[in-house]
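**Q**
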Amino acid sequence: MTSYTKQLQSLLPFESHFLDRKGIKLHYINEGQGEPVVMVHGNPSWSYYYRNLVSALSENHQCIVPDHIGCGLSDKPDDPQYDYTLKNRIDDLEALLDSLGIDSNITLVCHDWGGMIGTGFAARHPKRIKRLVYLNTAAFHLPESKPFPLALKICRDTVLGTVLVRGLNAFSSAASYVGVKRKPMDKAVREAFVAPFNSWENRISTLRFVQDIPLKPGDRNYQLVSDIADSLSEFANVPTLICFGLQDFVFDKHFLAEWRKRMPHAEVHEFADCGHYILEDAKDEVIELIQNFMK
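In structure tokens:
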């Protein structure tokens with residue numbers, strides 16, 4: 001075991017498990033027993049984001065939290081070995097849950113890119129889903145009222161963006177500062193968030209996630225995102241909880257308005273003073289809301 005792996009494992013108060021994906025190791029947490037809760041992280045994050053929620057729920061539920069390929073303790077292959085795209089992310093989640101025999105009564109908890117990946121899985125297997133929890137995320141295209149953020153455009157479309165993200169870790173590092181609004185992350189927590197992304201090679205997924213955002217017809221995944229968005233109507237009778245920090249510079253009031261339109265039955269909680277990492281900013285409130293929702 002490398003010192004890098006030991007460092008990351010020391011940050012998680014849970015046992016590590018791995019699934020072989022055609023020679024690539026996908027890391028996941030599998031804690032507790034009971035009905036399954038599947039927590040899907042986004043970018044630039046990893047399973048560490050859900051540590052407090054796992055601790056709160058694992059007494060009565062089986063908590064499964066994968067690290068996407070390129071994130072956390074999962075392998076970080078180069079492009080020839082792995083195609084960093086939405087369809088493969090959904091395939092990975094599907095393969096993991098199939099390998100564990102998780103095929104019913106699933107509560108999906110999704111953050112950031114996890115909303116697209118988790119809902120993509122749900123769209124394939126709607127009968128497996130019992131509840132949905134969405135935290136500062138999307139499962140549809142950029143709302144018409146929302147300009148594409150300049151910082152994301154630079155990362156997505158320019159050589160400068162590649163240098164900033166992979167060379168200087170600008171994306172992950174910046175997110176650990178601007179992603180919370182109530183109070184700064186403790187130094188140890190901030191360092192844990194960025195720890196997996198410690199080199200040019202290990203930041204590949206951080207960049208590829210941004211480059212994978214489809215903005216217009218013809219972009220790779222544009223049709224897949226359209227299909228995922230259309231699938232939301234299938235979950236009109238599925239209990240849904242939405243918690244949003246309104247000071248997120250991407251997933252803001254424009255995205256929340258779209259969620260209200262697409263999921264009018266959802267229980268919605270707004271946090272006017274919170275940012276992107278809602279489980280850090282409003283940990284106690286959001287965890288309590290999720291616990292009550294699941295009762």
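Heads up, the sequence shown is in UniProt numbering, so the first residue is 1 and it goes up one at a time. Don't be surprised by glycine CBs; every beta carbon is placed ideally from N, CA and C. Computed from a predicted model, the values in this text were never measured in an experiment.
(1) Check F18 in the structure and name its three-state DSSP category.
(2) Kindly indicate which three-state DSSP category Q9 falls into: helix, strand or coil?
(3) Compute the beta-carbon to beta-carbon distance between D52 and I287, rounded to the nearest angstrom, for a pair I have assumed lies under 8 Å.
(4) Flag this pair as yes or no: are the beta carbons of R203 and F197 separated by less than 7 Å?
(5) Name the two residues that bound the continuous beta strand (DSSP E) containing M263.
(6) Sort out for me which residues DSSP pairs N30 with in a bridge.
(7) What are the residues that DSSP puts in a beta bridge with G245?
(8) Assign A236 to one of two classes, buried (16 or more other C-beta atoms within 10 Å of its C-beta) or exposed (fewer than that).
(9) When you compare the CB of A174 with every CB in chain B, is at least one pair closer than 7 Å?
(10) Roughly how many angstroms lie between the CA atoms of S205 and Y84, to the nearest whole one?
(11) Contact defined as beta carbons within less than 8 Å: I believe K25 pairs with F14. What is the distance between those atoms, to the nearest angstrom?
(12) Starting from K283, trace the alpha helix (DSSP H) in both directions and tell me its first and last residue.
(13) Below 7 Å between beta carbons: does that hold for D92 and V180?
(14) For I117, report the span of its alpha helix (DSSP H) as first-last.
(15) Work out the CA separation of D157 and G32 for me, nearest whole Å.
(16) With H, G and I counted as helix, E and B as strand and the rest as coil, what does DSSP make of K146?
(17) Using DSSP bridges, identify the partner residues of M39.
(18) On a Cα-Cα basis, can you pick out the residue from L86, G34, K76, G70 that is closest to I64?
(19) When you compare each of C110, Y49, R124 to S104 by their alpha carbons, which one comes out closest?
(20) By alpha-carbon positions, which one of A229, P66, L207 ends up nearest to D79?
(21) Starting from the N-terminal side, write out each stretch of the alpha helix (DSSP H) that is 4 residues or longer and does not extend beyond the segment 209-240.
(22) Rounded to a whole number of angstroms, what is the C-alpha to C-alpha distance between R260 and Y277?
(23) For T5, does the count of other Cβ atoms within 10 angstroms reach 16, so buried, or fall short, so exposed?
(24) Do V40 and G118 have their C-beta atoms closer together than 7 Å?
**A** Let me lay it out:
(1) On the sequence shown, residue 18 is found 18 positions in, with the first residue counted as 1. If DSSP states are grouped into helix, strand and coil, F18 belongs with the strands.
(2) One-based indexing of the sequence shown puts residue 9 at position 9. Three-state result, Q9: helix.
(3) Here residue 52 refers to the residue found at position 52 of the sequence shown. Here residue 287 refers to the residue found at position 287 of the sequence shown. In the sequence on display, residue 52 carries Asn and not Asp. Indeed they touch by this definition, with Cβ atoms about 6 Å apart.
(4) In the sequence shown, counting from the first residue as 1, residue 203 sits at position 203. In the sequence shown, counting from the first residue as 1, residue 197 sits at position 197. Cβ distance < 7 Å, so R203 and F197 count as in contact.
(5) Residue numbering aside, residue 263 sits at position 263 when the sequence shown is read from its first letter. M263 -> no beta strand (DSSP E), and no H or E assigned at all.
(6) As a working mapping, residue 30 is identified with position 30 in the sequence shown. Note: N30 sits in a beta bridge opposite I64.
(7) Residue numbering aside, residue 245 sits at position 245 when the sequence shown is read from its first letter. For G245, which the question treats as bridged, DSSP gives the partners F271.
(8) Your numbering for residue 236 matches position 236 in the sequence shown. So A236 counts as exposed.
(9) The displayed structure is made up of one protein chain only, and chain B is not part of it.
(10) Residue numbering aside, residue 205 sits at position 205 when the sequence shown is read from its first letter. Residue numbering aside, residue 84 sits at position 84 when the sequence shown is read from its first letter. Rounded to whole angstroms, S205 to Y84 spans 7 Å at the Cα level.
(11) Counting from one through the sequence shown, the residue named residue 25 turns up at place 25. Counting from one through the sequence shown, the residue named residue 14 turns up at place 14. Not a contact, Cβ separation roughly 17 Å.
(12) The residue labelled residue 283 in the question sits at position 283 within the sequence shown. Counting along the chain, the alpha helix (DSSP H) containing K283 begins and ends at 283-294.
(13) The residue given as residue 92 occupies position 92 in the sequence shown. The residue given as residue 180 occupies position 180 in the sequence shown. No. Outside cutoff.
(14) Position 117 of the sequence shown holds residue 117. Run containing I117: 113-124, per the alpha helix (DSSP H) assignment.
(15) Translated into positions along the sequence shown, residue 32 becomes position 32. Translated into positions along the sequence shown, residue 157 becomes position 157. Distance between the alpha carbons of G32 and D157 is about 42 Å.
(16) Stepping through the sequence shown from its first residue, residue 146 is reached at position 146. Coil.
(17) Locating residue 39 in the sequence shown gives position 39, counting from the first residue. DSSP, once it has assigned bridges, lists V109 as partnering M39.
(18) On the sequence shown, residue 64 is found 64 positions in, with the first residue counted as 1. Ranking L86, G34, K76, G70 by Cα distance to I64 puts G34 first.
(19) Along the sequence shown, read from residue 1 onward, the residue named residue 104 stands at position 104. Checked all of C110, Y49, R124; the closest Cα to S104 is R124.
(20) Counting from one through the sequence shown, the residue named residue 79 turns up at place 79. Ranking A229, P66, L207 by Cα distance to D79 puts L207 first.
(21) 222-231
(22) Mapped onto the sequence shown, residue 260 falls at position 260. Mapped onto the sequence shown, residue 277 falls at position 277. Near 20 Å, if we compare the C-alpha coordinates of Y277 and R260.
(23) Residue numbering aside, residue 5 sits at position 5 when the sequence shown is read from its first letter. Burial call: exposed.
(24) Position 40 of the sequence shown, counted from the first residue, corresponds to residue 40. Position 118 of the sequence shown, counted from the first residue, corresponds to residue 118. Closer than 7 Å, so yes.
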